[in-house]
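Peer 1:
Next comes the structure, spelled out in C-alpha coordinates:
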(Lines of atoms letter the chains of each structure in order from A and count residues from 1; the text may use other names and numbers.)
(Lines give C-alpha, C1' and ligand atoms only; values in the text may rest on other atoms or scores of the structure.)
Protein backbone atom coordinates (compact mmCIF):
# COMPACT_ATOMS: atom_id res chain seq x y z
CA UNK A 1 0.00 0.00 0.00
CA UNK A 2 1.18 3.57 -0.63
CA UNK A 3 2.43 5.28 2.51
CA UNK A 4 0.37 8.11 4.01
CA UNK A 5 1.36 11.72 3.83
CA UNK A 6 4.02 12.50 6.35
CA UNK A 7 3.42 15.26 8.86
CA UNK A 8 5.49 17.57 6.66
CA UNK A 9 3.71 16.64 3.43
CA UNK A 10 0.32 16.75 5.11
CA UNK A 11 0.76 20.21 6.57
CA UNK A 12 2.27 21.40 3.31
CA UNK A 13 -0.84 20.27 1.43
CA UNK A 14 -3.29 21.77 3.86
CA UNK A 15 -1.35 24.97 4.42
CA UNK A 16 -1.95 25.07 8.19
CA UNK A 17 -0.65 23.31 11.26
CA UNK A 18 -4.18 23.26 12.64
CA UNK A 19 -5.44 20.60 10.26
CA UNK A 20 -5.87 17.03 11.47
CA UNK A 21 -5.51 13.81 9.52
CA UNK A 22 -8.83 12.49 10.74
CA UNK A 23 -11.84 13.70 12.66
CA UNK A 24 -14.42 11.68 14.49
CA UNK A 25 -17.98 12.93 14.44
CA UNK A 26 -20.96 12.93 16.28
CA UNK A 27 -23.57 10.75 17.69
CA UNK A 28 -26.39 13.06 18.66
CA UNK A 29 -28.42 15.80 17.12
CA UNK A 30 -25.62 17.68 15.42
CA UNK A 31 -24.61 14.82 13.14
CA UNK A 32 -27.96 14.20 11.56
CA UNK A 33 -27.67 10.57 12.67
CA UNK A 34 -30.75 10.58 14.90
CA UNK A 35 -28.52 9.47 17.73
CA UNK A 36 -28.39 5.87 16.49
CA UNK A 37 -24.79 5.67 15.35
CA UNK A 38 -21.34 7.12 15.93
CA UNK A 39 -20.39 8.77 12.67
CA UNK A 40 -16.82 9.34 11.67
CA UNK A 41 -15.36 12.01 9.42
CA UNK A 42 -12.15 10.77 7.86
CA UNK A 43 -9.59 12.49 5.63
CA UNK A 44 -6.88 10.22 4.25
CA UNK A 45 -3.73 10.52 2.20
CA UNK A 46 -4.82 7.79 -0.22
CA UNK A 47 -7.82 5.64 -1.05
CA UNK A 48 -5.84 2.57 0.01
CA UNK A 49 -5.41 3.92 3.54
CA UNK A 50 -9.06 4.94 3.60
CA UNK A 51 -10.15 1.43 2.61
CA UNK A 52 -7.85 -0.14 5.17
CA UNK A 53 -9.22 2.03 7.96
CA UNK A 54 -12.80 1.35 6.91
CA UNK A 55 -12.26 -2.40 6.91
CA UNK A 56 -9.95 -2.90 9.89
CA UNK A 57 -11.23 -0.20 12.23
CA UNK A 58 -14.77 0.91 11.40
CA UNK A 59 -16.19 -2.36 10.04
CA UNK A 60 -14.22 -4.41 12.56
CA UNK A 61 -15.58 -2.33 15.44
CA UNK A 62 -19.14 -2.70 14.17
CA UNK A 63 -18.82 -6.48 14.33
CA UNK A 64 -18.20 -6.11 18.06
CA UNK A 65 -20.99 -3.56 18.59
CA UNK A 66 -23.88 -5.89 19.38
CA UNK A 67 -26.89 -5.37 21.59
CA UNK A 68 -29.69 -2.82 21.62
CA UNK A 69 -27.71 -0.20 23.52
CA UNK A 70 -24.53 -0.39 21.42
CA UNK A 71 -24.21 2.21 18.67
CA UNK A 72 -22.27 1.40 15.53
CA UNK A 73 -19.73 3.57 13.74
CA UNK A 74 -20.23 5.03 10.29
CA UNK A 75 -17.50 6.80 8.36
CA UNK A 76 -17.94 9.69 5.95
CA UNK A 77 -14.86 10.80 4.00
CA UNK A 78 -14.07 14.52 3.93
CA UNK A 79 -11.43 16.60 2.16
CA UNK A 80 -8.16 17.13 4.01
CA UNK A 81 -8.13 20.85 3.28
CA UNK A 82 -11.57 21.48 4.84
CA UNK A 83 -12.05 18.91 7.58
CA UNK A 84 -10.46 20.91 10.40
CA UNK A 85 -12.46 24.04 9.59
CA UNK A 86 -15.67 21.98 9.48
CA UNK A 87 -14.85 20.39 12.82
CA UNK A 88 -14.01 23.67 14.54
CA UNK A 89 -17.18 25.33 13.26
CA UNK A 90 -19.34 22.40 14.33
CA UNK A 91 -17.79 22.21 17.80
CA UNK A 92 -18.17 25.95 18.34
CA UNK A 93 -21.87 25.71 17.50
CA UNK A 94 -22.44 22.91 19.99
CA UNK A 95 -23.29 20.46 17.23
CA UNK A 96 -19.81 19.07 16.59
CA UNK A 97 -18.10 15.70 16.59
CA UNK A 98 -18.29 13.32 19.49
CA UNK A 99 -14.60 12.61 19.08
CA UNK A 100 -12.46 15.61 18.23
CA UNK A 101 -9.21 14.80 16.48
CA UNK A 102 -6.35 17.29 16.47
CA UNK A 103 -2.71 17.40 15.40
CA UNK A 104 -1.53 17.10 19.00
CA UNK A 105 -1.46 18.69 22.46
CA UNK A 106 -1.19 22.31 21.27
CA UNK A 107 -4.40 22.20 19.25
CA UNK A 108 -6.16 20.12 21.90
CA UNK A 109 -5.32 22.83 24.41
CA UNK A 110 -7.39 25.32 22.40
CA UNK A 111 -10.49 23.14 22.68
CA UNK A 112 -9.86 22.50 26.38
CA UNK A 113 -9.44 26.21 27.13
CA UNK A 114 -12.77 26.86 25.43
CA UNK A 115 -14.43 24.19 27.60
CA UNK A 116 -15.37 22.05 24.62
CA UNK A 117 -13.93 18.72 25.86
CA UNK A 118 -15.10 16.05 28.25
CA UNK A 119 -12.64 14.94 30.94
CA UNK A 120 -11.70 11.32 30.29
CA UNK A 121 -10.53 10.49 33.82
CA UNK A 122 -13.65 8.40 34.66
CA UNK A 123 -12.83 6.09 31.74
CA UNK A 124 -9.14 5.49 32.42
CA UNK A 125 -9.58 2.57 34.81
CA UNK A 126 -12.68 1.19 33.08
CA UNK A 127 -10.89 1.14 29.71
CA UNK A 128 -7.60 -0.05 31.16
CA UNK A 129 -5.69 2.84 29.62
CA UNK A 130 -3.27 2.99 32.53
CA UNK A 131 -2.12 -0.48 31.45
CA UNK A 132 -2.39 -0.19 27.65
CA UNK A 133 -0.78 3.25 27.16
CA UNK A 134 2.75 4.34 27.93
CA UNK A 135 2.67 6.50 31.09
CA UNK A 136 3.91 9.65 29.39
CA UNK A 137 1.09 9.31 26.83
CA UNK A 138 -1.59 9.91 29.42
CA UNK A 139 0.44 12.75 30.96
CA UNK A 140 0.68 14.45 27.57
CA UNK A 141 -3.11 14.61 27.38
CA UNK A 142 -3.64 16.28 30.75
CA UNK A 143 -4.62 19.94 31.15
CA UNK A 144 -4.76 21.31 34.70
CA UNK A 145 -4.58 17.79 36.04
CA UNK A 146 -7.47 16.40 34.00
CA UNK A 147 -7.16 14.01 31.05
CA UNK A 148 -8.67 15.53 27.92
CA UNK A 149 -6.99 13.62 25.08
CA UNK A 150 -5.26 10.42 24.09
CA UNK A 151 -2.27 10.70 21.75
CA UNK A 152 -3.06 8.59 18.70
CA UNK A 153 0.25 8.70 16.83
CA UNK A 154 3.82 9.21 17.92
CA UNK A 155 7.15 9.57 16.19
CA UNK A 156 10.72 10.56 16.98
CA UNK A 157 13.90 11.81 15.30
CA UNK A 158 16.96 9.83 14.30
CA UNK A 159 20.01 9.75 12.00
CA UNK A 160 19.32 8.21 8.57
CA UNK A 161 22.17 6.94 6.41
CA UNK A 162 23.30 4.58 3.65
CA UNK A 163 25.35 1.78 5.30
CA UNK A 164 27.43 1.28 2.14
CA UNK A 165 28.51 4.93 2.15
CA UNK A 166 29.66 4.81 5.74
CA UNK A 167 31.49 1.49 5.20
CA UNK A 168 33.22 2.79 2.07
CA UNK A 169 34.72 5.72 3.96
CA UNK A 170 35.39 3.97 7.26
CA UNK A 171 32.70 5.86 9.17
CA UNK A 172 30.27 4.76 11.84
CA UNK A 173 26.97 6.38 12.85
CA UNK A 174 28.19 9.03 15.30
CA UNK A 175 27.48 8.61 18.99
CA UNK A 176 29.39 11.67 20.29
CA UNK A 177 29.96 15.25 19.19
CA UNK A 178 33.59 14.47 18.37
CA UNK A 179 32.57 11.55 16.15
CA UNK A 180 29.93 13.67 14.44
CA UNK A 181 32.32 16.54 13.76
CA UNK A 182 35.12 14.23 12.58
CA UNK A 183 32.76 12.53 10.13
CA UNK A 184 31.47 15.87 8.84
CA UNK A 185 34.99 17.24 8.37
CA UNK A 186 36.15 14.13 6.52
CA UNK A 187 33.06 14.07 4.33
CA UNK A 188 33.45 17.75 3.45
CA UNK A 189 37.12 17.20 2.54
CA UNK A 190 36.06 14.37 0.22
CA UNK A 191 33.43 16.47 -1.54
CA UNK A 192 30.51 14.70 0.16
CA UNK A 193 27.66 16.62 1.77
CA UNK A 194 28.05 15.75 5.47
CA UNK A 195 24.37 16.25 6.37
CA UNK A 196 21.62 16.18 3.78
CA UNK A 197 19.45 19.14 4.74
CA UNK A 198 17.21 21.74 3.15
CA UNK A 199 13.96 23.64 3.59
CA UNK A 200 12.98 24.72 0.08
CA UNK A 201 9.78 22.65 0.22
CA UNK A 202 9.02 23.05 3.93
CA UNK A 203 10.34 26.12 5.74
CA UNK A 204 9.58 24.66 9.16
CA UNK A 205 12.15 21.91 8.50
CA UNK A 206 14.65 24.24 10.16
CA UNK A 207 13.08 23.48 13.53
CA UNK A 208 13.96 19.81 13.09
CA UNK A 209 17.60 20.77 13.53
CA UNK A 210 16.91 23.06 16.46
CA UNK A 211 14.95 20.18 18.01
CA UNK A 212 17.53 17.45 17.69
CA UNK A 213 20.45 19.71 18.64
CA UNK A 214 18.71 21.04 21.77
CA UNK A 215 17.78 17.49 22.79
CA UNK A 216 21.27 16.13 22.18
CA UNK A 217 23.16 19.16 23.56
CA UNK A 218 20.98 20.56 26.36
CA UNK A 219 19.22 17.29 27.10
CA UNK A 220 15.65 16.43 28.15
CA UNK A 221 16.07 17.53 31.77
CA UNK A 222 17.10 21.08 30.82
CA UNK A 223 14.38 21.28 28.18
CA UNK A 224 11.74 20.15 30.66
CA UNK A 225 12.90 22.78 33.15
CA UNK A 226 12.64 25.48 30.50
CA UNK A 227 9.28 24.28 29.22
CA UNK A 228 7.90 24.34 32.76
CA UNK A 229 9.32 27.80 33.57
CA UNK A 230 12.09 26.64 35.91
CA UNK A 231 14.89 27.62 33.51
CA UNK A 232 15.13 30.41 30.94
CA UNK A 233 15.83 29.99 27.25
CA UNK A 234 18.70 32.45 27.72
CA UNK A 235 20.58 29.78 29.70
CA UNK A 236 24.04 29.16 28.15
CA UNK A 237 23.19 25.52 27.45
CA UNK A 238 20.56 26.62 24.89
CA UNK A 239 22.60 29.51 23.50
CA UNK A 240 25.69 27.33 23.08
CA UNK A 241 23.67 24.67 21.26
CA UNK A 242 22.39 27.24 18.74
CA UNK A 243 25.91 28.62 18.36
CA UNK A 244 27.21 25.13 17.59
CA UNK A 245 24.49 24.57 14.98
CA UNK A 246 25.26 27.94 13.41
CA UNK A 247 28.94 27.03 13.28
CA UNK A 248 28.25 23.76 11.49
CA UNK A 249 26.14 25.58 8.91
CA UNK A 250 28.96 28.08 8.42
CA UNK A 251 31.34 25.20 7.66
CA UNK A 252 29.00 24.00 4.92
CA UNK A 253 28.16 20.78 6.71
CA UNK A 254 24.38 21.11 6.41
CA UNK A 255 23.04 21.03 2.87
CA UNK A 256 26.44 21.84 1.36
CA UNK A 257 26.24 25.52 2.33
CA UNK A 258 23.80 27.89 3.98
CA UNK A 259 22.71 29.22 0.59
CA UNK A 260 22.11 25.73 -0.79
CA UNK A 261 20.19 24.77 2.35
CA UNK A 262 17.43 27.23 1.41
CA UNK A 263 17.10 25.73 -2.09
CA UNK A 264 17.63 22.01 -1.42
CA UNK A 265 14.58 19.80 -2.02
CA UNK A 266 13.88 16.60 -0.11
CA UNK A 267 13.60 14.55 -3.30
CA UNK A 268 17.17 15.50 -4.21
CA UNK A 269 18.45 14.91 -0.67
CA UNK A 270 17.05 11.38 -0.54
CA UNK A 271 18.69 10.74 -3.89
CA UNK A 272 22.00 12.08 -2.58
CA UNK A 273 21.79 9.78 0.43
CA UNK A 274 21.17 6.79 -1.85
CA UNK A 275 24.00 7.65 -4.25
CA UNK A 276 26.55 8.41 -1.54
CA UNK A 277 26.68 12.14 -2.25
CA UNK A 278 25.38 12.81 1.28
CA UNK A 279 26.56 11.02 4.43
CA UNK A 280 23.80 11.57 7.00
CA UNK A 281 20.30 12.96 7.34
CA UNK A 282 18.64 14.05 10.60
CA UNK A 283 14.91 13.52 10.23
CA UNK A 284 11.80 12.06 11.82
CA UNK A 285 9.93 8.77 11.69
CA UNK A 286 7.91 10.14 8.78
CA UNK A 287 11.02 9.37 6.71
CA UNK A 288 9.96 5.71 6.76
CA UNK A 289 7.07 6.58 4.46
CA UNK A 290 9.15 8.74 2.12
CA UNK A 291 12.58 7.20 1.69
CA UNK A 292 11.71 3.91 -0.01
CA UNK A 293 11.33 5.07 -3.63
CA UNK A 294 14.95 6.27 -3.71
CA UNK A 295 16.54 2.97 -2.66
CA UNK A 296 16.72 -0.50 -4.18
CA UNK A 297 14.57 -1.87 -6.98
CA UNK A 298 12.11 1.02 -6.78
CA UNK A 299 14.93 3.38 -7.77
CA UNK A 300 16.85 1.02 -10.03
CA UNK A 301 19.85 0.78 -7.70
CA UNK A 302 21.21 -1.56 -5.03
CA UNK A 303 21.35 1.08 -2.27
CA UNK A 304 19.95 0.44 1.19
CA UNK A 305 19.16 2.73 4.11
CA UNK A 306 19.17 2.44 7.87
CA UNK A 307 18.84 4.66 10.93
CA UNK A 308 20.73 5.20 14.17
CA UNK A 309 19.92 7.03 17.43
CA UNK A 310 20.89 10.67 17.85
CA UNK A 311 24.46 11.25 19.08
CA UNK A 312 25.34 12.96 22.35
CA UNK A 313 26.57 16.50 21.77
CA UNK A 314 27.46 17.40 25.35
CA UNK A 315 28.81 15.94 28.55
CA UNK A 316 26.05 14.58 30.74
CA UNK A 317 23.59 14.04 27.89
CA UNK A 318 23.47 10.38 26.87
CA UNK A 319 23.38 9.32 23.25
CA UNK A 320 20.05 8.13 21.95
CA UNK A 321 17.68 10.83 23.19
CA UNK A 322 14.35 10.31 21.42
CA UNK A 323 12.51 13.62 20.92
CA UNK A 324 8.83 12.83 21.18
CA UNK A 325 6.48 13.94 18.41
CA UNK A 326 2.74 13.55 18.85
CA UNK A 327 1.02 13.84 15.49
CA UNK A 328 -2.61 13.16 16.38
CA UNK A 329 -4.64 13.34 19.61
CA UNK A 330 -8.28 12.38 20.19
CA UNK A 331 -10.75 13.91 22.64
CA UNK A 332 -14.46 13.59 23.44
CA UNK A 333 -16.74 16.54 22.79
CA UNK A 334 -18.35 17.88 25.98
CA UNK A 335 -21.71 18.06 24.15
CA UNK A 336 -21.64 14.42 23.09
CA UNK A 337 -24.98 12.80 23.95
CA UNK A 338 -23.55 9.28 24.18
CA UNK A 339 -20.09 9.62 25.75
CA UNK A 340 -19.90 5.95 26.76
CA UNK A 341 -20.43 4.91 23.14
CA UNK A 342 -17.94 7.49 21.85
CA UNK A 343 -15.29 6.33 24.32
CA UNK A 344 -15.88 2.73 23.24
CA UNK A 345 -15.14 3.66 19.62
CA UNK A 346 -12.11 5.70 20.62
CA UNK A 347 -10.78 2.86 22.75
CA UNK A 348 -11.14 0.38 19.88
CA UNK A 349 -9.42 2.70 17.44
CA UNK A 350 -6.34 3.53 19.52
CA UNK A 351 -5.59 1.16 22.39
CA UNK A 352 -4.85 -2.27 20.90
CA UNK A 353 -1.11 -2.65 20.09
CA UNK A 354 -1.52 -5.44 17.52
CA UNK A 355 -4.14 -3.46 15.58
CA UNK A 356 -1.96 -0.32 15.68
CA UNK A 357 1.13 -2.14 14.45
CA UNK A 358 -0.73 -3.92 11.67
CA UNK A 359 -1.88 -0.48 10.52
CA UNK A 360 1.71 0.76 10.66
CA UNK A 361 3.00 -2.22 8.67
CA UNK A 362 0.29 -1.97 6.02
CA UNK A 363 0.14 1.81 5.52
CA UNK A 364 3.02 3.53 7.31
CA UNK A 365 0.61 5.42 9.57
CA UNK A 366 2.27 6.07 12.94
CA UNK A 367 0.77 4.01 15.78
CA UNK A 368 -0.69 5.29 19.02
CA UNK A 369 1.71 5.25 22.02
CA UNK A 370 0.58 1.96 23.49
CA UNK A 371 2.83 -0.54 25.24
CA UNK A 372 4.36 -2.85 22.63
CA UNK A 373 6.10 -6.20 22.86
CA UNK A 374 7.93 -8.28 20.29
CA UNK A 375 4.89 -10.50 19.73
CA UNK A 376 2.64 -7.53 18.89
CA UNK A 377 4.49 -6.77 15.66
CA UNK A 378 3.28 -8.45 12.45
CA UNK A 379 5.79 -10.63 10.66
CA UNK A 380 5.77 -8.52 7.50
CA UNK A 381 6.73 -5.22 9.14
CA UNK A 382 10.00 -3.61 8.03
CA UNK A 383 12.55 -4.59 10.70
CA UNK A 384 14.00 -1.07 10.69
CA UNK A 385 10.60 0.40 11.52
CA UNK A 386 10.05 -2.28 14.15
CA UNK A 387 13.39 -1.51 15.79
CA UNK A 388 12.59 2.19 16.13
CA UNK A 389 9.17 1.66 17.67
CA UNK A 390 10.45 -1.01 20.05
CA UNK A 391 13.08 1.43 21.30
CA UNK A 392 10.65 4.36 21.39
CA UNK A 393 8.18 2.21 23.29
CA UNK A 394 10.76 1.62 26.01
CA UNK A 395 10.56 5.36 26.69
CA UNK A 396 13.75 5.43 28.75
CA UNK A 397 15.22 8.57 27.16
CA UNK A 398 12.29 10.68 25.94
CA UNK A 399 12.94 14.23 24.71
CA UNK A 400 10.77 16.98 23.22
CA UNK A 401 10.01 18.20 19.69
CA UNK A 402 9.40 21.92 19.27
CA UNK A 403 6.23 21.46 17.19
CA UNK A 404 4.60 19.29 19.85
CA UNK A 405 5.41 20.90 23.21
CA UNK A 406 6.15 24.59 22.56
CA UNK A 407 3.31 27.14 22.42
CA UNK A 408 2.22 28.02 18.89
CA UNK A 409 3.83 31.48 18.63
CA UNK A 410 7.07 30.28 20.18
CA UNK A 411 7.20 27.36 17.76
CA UNK A 412 6.79 29.66 14.76
CA UNK A 413 9.49 31.95 16.16
CA UNK A 414 11.89 29.00 16.45
CA UNK A 415 12.03 28.18 12.75
CA UNK A 416 11.39 31.63 11.29
CA UNK A 417 13.98 33.46 13.37
CA UNK A 418 16.51 30.62 13.10
CA UNK A 419 16.83 31.47 9.42
CA UNK A 420 18.15 34.88 10.50
CA UNK A 421 20.69 33.15 12.75
CA UNK A 422 21.88 30.98 9.87
CA UNK A 423 22.32 33.99 7.56
CA UNK A 424 24.08 36.09 10.20
CA UNK A 425 21.29 38.56 10.85
CA UNK A 426 20.66 37.47 14.44
CA UNK A 427 23.10 36.19 17.05
CA UNK A 428 22.42 32.93 18.95
CA UNK A 429 22.23 34.94 22.17
CA UNK A 430 19.66 37.38 20.80
CA UNK A 431 17.73 34.53 19.21
CA UNK A 432 17.35 32.77 22.55
CA UNK A 433 16.49 36.06 24.29
CA UNK A 434 13.72 36.73 21.79
CA UNK A 435 12.34 33.22 22.24
CA UNK A 436 12.46 33.56 26.01
CA UNK A 437 10.48 36.80 25.98
CA UNK A 438 7.75 35.36 23.79
CA UNK A 439 7.68 32.00 25.58
CA UNK A 440 7.27 33.58 29.02
CA UNK A 441 4.27 35.53 27.73
CA UNK A 442 2.64 32.37 26.35
CA UNK A 443 3.49 30.38 29.47
CA UNK A 444 1.83 33.02 31.67
CA UNK A 445 -1.23 32.99 29.39
CA UNK A 446 -1.55 29.21 29.73
CA UNK A 447 -0.84 28.61 26.05
CA UNK A 448 1.81 25.92 26.53
CA UNK A 449 0.70 22.35 25.76
CA UNK A 450 0.99 19.64 28.44
CA UNK A 451 4.58 18.45 28.91
CA UNK A 452 5.25 14.95 30.32
CA UNK A 453 8.23 14.66 32.62
CA UNK A 454 11.42 13.20 31.10
CA UNK A 455 11.99 9.48 31.55
CA UNK A 456 8.32 9.25 32.45
CA UNK A 457 7.63 6.09 30.51
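Residue numbers (the numbering used here): 262 to 718. C-beta atoms are modelled at their ideal positions from N, C-alpha and C, and glycine is treated no differently. In this text the structure is predicted, and so the values were computed from the model without any measurement.
What separation, rounded to the nearest whole angstrom, lies between the Cα atoms of residue 369 and residue 410?
Peer 2: Roughly 7 Å separates the two Cα atoms.
Peer 1: If we call anything under 8 Å between Cβ atoms a contact, is residue 611 one with residue 593?
Peer 2: Contact: no.
Peer 1: Do the region 513 to 531 and the region 483 to 502 make contact, defined as three or more Cβ pairs closer than 8 Å?
Peer 2: No: the two stretches stay apart, fewer than three of their Cβ pairs being nearer than 8 Å.
Peer 1: If you draw a straight line from the C-alpha of residue 319 to the C-alpha of residue 343, how long is it?
Peer 2: Rounded to the nearest angstrom, the two C-alpha atoms are 22 Å apart.
Peer 1: Quick one: residues in its chain with C-beta nearer than 8 Å to the C-beta of residue 559, no 5 flanking neighbours on either side, listed in chain order?
Peer 2: Closer than 8 Å at the Cβ level, and outside the excluded window around residue 559, lie 553.
Peer 1: Over the uninterrupted beta strand (DSSP E) stretch that includes residue 409, give me the two end residues.
Peer 2: First-last for residue 409: undefined, no H or E at that position.
Peer 1: Roughly how many angstroms separate the alpha carbons of residue 465 and residue 677, rounded to a whole number?
Peer 2: Answer to the nearest angstrom: the Cα atoms are 8 Å apart.
Peer 1: For the region 662 to 672 against the region 697 to 714, are there 3 or more C-beta pairs whose distance is under 8 Å?
Peer 2: Because the criterion of three Cβ pairs below 8 Å is met, the region 662 to 672 and the region 697 to 714 touch.
Peer 1: Using 10 angstroms around the beta-carbon of residue 304, count the other beta-carbons present and answer buried if the total reaches 16, otherwise exposed.
Peer 2: Residue 304 comes out buried.
Peer 1: Could you tell me the alpha carbon to alpha carbon distance between residue 398 and residue 652, rounded to whole angstroms?
Peer 2: Cα to Cα, the separation comes out at about 15 Å.
Peer 1: Once the 5 residues before and after residue 471 are set aside, which same chain residues still bring their CB inside 8 Å of it?
Peer 2: Here the set comprises 503, 506, 663, 675, 676, 679.
Peer 1: Taking the straight line between their C-alpha atoms, what separation do you get for residue 520 and residue 455?
Peer 2: Cα-Cα distance, rounded: 15 Å.
Peer 1: Using DSSP with H/G/I as helix, E/B as strand and the rest coil, what is residue 391?
Peer 2: Helix.
Peer 1: In three-state terms, what does DSSP make of residue 508?
Peer 2: Helix, per DSSP.
Peer 1: Among residues of its own chain, excluding the 5 on either side of residue 571, which ones have a beta-carbon nearer than 6 Å to its beta-carbon?
Peer 2: Hits under 6 Å: 473, 477, 582.
Peer 1: For residue 291, count neighbouring Cβ atoms within 10 angstroms of its own Cβ and tell me buried if that reaches 16, exposed if not.
Peer 2: A caution first: residue 291 carries a pLDDT of 42, below 50, which makes its placement in the model too unreliable to give a value.
Peer 1: State the Cα-Cα distance for the pair residue 467 and residue 698, rounded to the nearest angstrom.
Peer 2: If you take the alpha carbons of residue 467 and residue 698, they lie about 21 Å apart.
Peer 1: So, for residue 438: in the same chain, excluding its five sequence neighbours on each side, which residues have a beta-carbon less than 6 Å away from its beta-carbon?
Peer 2: Contacts found: 574.
Peer 1: What is the rounded straight-line gap between the Cα of residue 391 and the Cα of residue 299?
Peer 2: For residue 391 and residue 299, the distance between alpha carbons rounds to 25 Å.
Peer 1: What's the C-alpha gap between residue 404 and residue 566?
Peer 2: Taking the straight line from one Cα to the other gives about 40 Å.
Peer 1: Which value, in whole angstroms, describes the spacing of the CA atoms of residue 613 and residue 393?
Peer 2: Approximately 7 Å between the Cα atoms of the pair.
Peer 1: Keeping to the same chain, check which residues put their C-beta closer than 6 Å to that of residue 609; ignore five residues upstream and five downstream.
Peer 2: Hits under 6 Å: 322.
Peer 1: What ranges does the beta strand (DSSP E) occupy inside the region 445 to 506, keeping only unbroken runs of at least 3 residues that lie completely in it?
Peer 2: Correct list: 454 to 456.
Peer 1: Could you name the residues of the same chain whose beta carbon sits closer than 7 Å to that of residue 489, not counting the 5 residues immediately before and after it, in chain order?
Peer 2: Same-chain partners within the cutoff: 712.
Peer 1: Looking only at DSSP bridge pairs, what is residue 700 linked to?
Peer 2: Bridge partners of residue 700: none, in fact.
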